[in-house]
Structures are given as C-alpha cells and as structure tokens.
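Peer 1: 33 is the number that our numbering gives to position 33 of the sequence shown; each next residue is one higher, with no gaps.
Think of the CB as a built atom: it goes at the ideal place given N, C-alpha and C, for glycine as much as any other residue.
Everything numeric in this text was worked out from a predicted model, so none of it was measured.
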Amino acid sequence: MSHTQNTGFPAVPEAPASPAAAVAAAFGDPAGLGLGAFALTTFVLSVVNAGWVAGGAVGAVMGLALFYGGVAQLFAGMWEFANRNTFGAVAFSSYGAFWLSFWYLETFVKVPTADAGAAVGLYLLAWGIFTLYMTIAAFRTNWVVFLVFVFLTLTFFALAIGEFSGTKGISTLGGYLGILTALLAWYGSFATVTNFTFKRVVLPVGPSSK
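#1: Could you pull out every residue in the same chain whose Cβ sits closer than 6 Å to the Cβ of K110, ignoring the five residues on either side in sequence?
#2: Using alpha carbons as the reference points, say which of G77, V47, Y68 and F67 lies closest to P30.
#3: Could you spell out where the alpha helix (DSSP H) holding K168 opens and where it closes?
#4: Could you check the C-alpha separation between F164 and A182 for me, to the nearest Å?
#5: For the pair the stretch 95-106 and the stretch 56-70, tell me if three or more CB-CB distances fall below 8 Å.
#6: Output the distance between the C-alpha atoms of Y133 and G178, rounded to the nearest integer angstrom.
#7: Hey, would you say L74 sits closer than 8 Å to V61, going by beta carbons?
#8: Could you check what DSSP says for L64 in three-state terms: helix, strand or coil?
And the structure:
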C-alpha cells in the first residue's frame with residue numbers, strides 16, 4: 001500500500017527503460033482504490049457487527065463484498081504487483097480474496113447452527129494471524145497504513161473470540177474496532193488520491209520507518 005507517487009519515466013531520458021519500468025509507468029498508485037474498497041466494505045459490515053443496524057442488514061454487504069471489496073481490491077493487488085510493490089500486492093490481493101470468500105460463505109455455505117461459532121471463529125482467527133504478520137511488515141510503510149493493520153488485527157481477534165465464546169459484547173467490540181479500521185483506511189485512500197492528484201502532500205500519512 002505504498003503512497004509514493006510514480007514519476008512514470010526514467011530519471012535519465014537517454015537511458016532505455018527496462019520492461020519492468022515500462023509496465024510500472026503505465027499505472028498510477030492503486031492504493032487509493034485498494035484502501036477505498038477495503039474501507040467502504042469493512043465499514044458497512046462493521047456497522048452491522050456493532051449493532052447500529054439490524055443483523056439482517058448484512059445482506060447489504062454481499063454486493064460490496066463481491067464487487068468492491070472483492071474484485072476491485074483484487075485488481076488493486078494485481079496492479080501493485082505490476083508496480084513492484086510486494087506489500088501492497090499481497091495485502092490487497094489477500095483482502096480482496098477475503099471479501100470474495102466471505103461473499104461465498106454467506107451466499108452458498110450452510111454451516112450447521114451448532115458448529116457455526118467454531119467454524120466462523122476459526123475463519124476469523126486465521127485471518128487475524130495473517131493480519132498480525134502483515135502488521136509487522138506494515139511498520140515499514142507509513143503510520144496510517146500501520147494503524148490500519150493494528151486495528152484490523154484487533155478486529156479479527158475480537159470477532160474470533162466473540163464467535164468462539166458466543167459473547168455478543170465481544171463481537172460488538174469487534175464491530176467498533178472495524179469501524180475505526182475503516183475510517184483509518186478511508187483516510188489513507190483520501191490521502192493517496194489527493195496527494196497524487198495535487199502532486200504534493202496535502203494530507204499527511206506519516207513517515208515510514210527506516
């Protein structure tokens with residue numbers, strides 16, 4: 001989820017561009033799309049998890065999970081691969097796949113009620129573990145992205161514990177943590193698009209760790 005602006009051309013005009021540089025030059029920064037897709041879909045689901053709207057409203061998330069959180073974010077990940085940004089590529093591709101798998105599970109998989117808590121809890125726990133090690137890597141990006149991953153890790157673990165224990169209060173806490181995660185990711189998307197468009201830092205995201 002790099003927020004550096006791509007210049008698009010080699011520093012020395014006379015030097016021929018490598019194939020990799022030519023591919024990277026064809027793309028803008030996909031982080032704005034990836035963070036925006038992640039933020040919006042996470043926000044809508046987290047509002048449901050926090051209890052702000054009825055639980056049946058989770059159906060409204062399905063279209064977002066498939067097309068915006070899923071497909072659009074997966075595309076952002078592929079474009080990050082083309083931009084030679086391994087962290088952004090792995091993050092966006094993985095969370096795009098997360099939303100696609102969430103859509104599939106909610107739409108097609110019928111887990112027996114007695115096993116639902118353990119099944120969903122295991123699913124969320126596994127994503128929490130993945131997010132935890134991505135959080136360590138995110139420390140080398142910038143503070144906004146790092147905080148997104150910190151709170152996303154807490155969100156996954158809170159929701160997993162809530163599912164395993166059947167404690168609604170913990171799941172509700174996970175919803176509030178998810179809302180905060182979404183707001184941070186939205187800010188990251190806003191900053192990426194705005195800074196890239198204005199060709200200067202309008203919205204700071206904090207320095208990266210060296």
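Peer 2: On the basis of the supplied data:
#1: Locating residue 110 in the sequence shown gives position 110, where the first residue counts as 1. Scanning its chain for C-beta atoms nearer than 6 Å, with the 5 sequence neighbours on each side dropped, one finds no residue around K110.
#2: For the purposes of this step, residue 30 is taken as the residue at position 30 of the sequence shown. Across the set G77, V47, Y68 and F67, the C-alpha of G77 shows the shortest separation from the C-alpha of P30.
#3: Position 168 of the sequence shown holds residue 168. Per DSSP, K168 belongs to the alpha helix (DSSP H) from K168 to F198.
#4: Taking the sequence shown and counting its residues from 1, one reaches residue 164 at position 164. Taking the sequence shown and counting its residues from 1, one reaches residue 182 at position 182. About 24 Å.
#5: The stretch 95-106 makes contact with the stretch 56-70; the number of CB pairs closer than 8 Å reaches 3 or more.
#6: Indexing the sequence shown from 1 puts residue 133 at position 133. Indexing the sequence shown from 1 puts residue 178 at position 178. Approximately 18 Å between the Cα atoms of the pair.
#7: As a first step, residue 74 is located in the sequence shown; it is residue number 74 there, counting from the start. As a first step, residue 61 is located in the sequence shown; it is residue number 61 there, counting from the start. No; because the gap between Cβ atoms is not below 8 Å, this pair is not in contact.
#8: Indexing the sequence shown from 1 puts residue 64 at position 64. Three-state DSSP puts L64 in a helix.
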